[in-house]
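Each remark here refers to the structure printed beneath this line.
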Amino acid sequence: MENKKRVVIAEDHTILRAGLRALLSLQDDIEVIGEAGDGREAVRVVDEHVPDLLLIDLSM
830 MENKKRVVIA EDHTILRAGL RALLSLQDDI EVIGEAGDGR EAVRVVDEHV PDLLLIDLSM
């Protein structure tokens, strides 16, 4: 499918991050292009991959 939304997941809990990736991978119109475990890594991954959407845990 064309026009997939490119997503980065930023979450400090590994199991939750893996679960989000698994759920999103079931969607035909979403592609998880990166993950981050903390804020600094999230900035680096977003700069590198330029996603359409960033799912971020605001309390991490």
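The sequence shown begins at 830 in our numbering and counts up one residue at a time. In this text, a Cβ means the ideal position worked out from N, Cα and C, and glycines have one as well.
Counting only the Cα atoms, L853 lies some 20 Å from D867. One alpha carbon belongs to E877, the other to E864, and they sit about 11 Å apart.
A straight-line Cα-Cα distance of about 28 Å links E831 and D886. Between M889 and the set L849, V874, L855 and R869, the nearest pair of CA atoms involves R869.
Beta-bridge partners of I859 (DSSP): K834.
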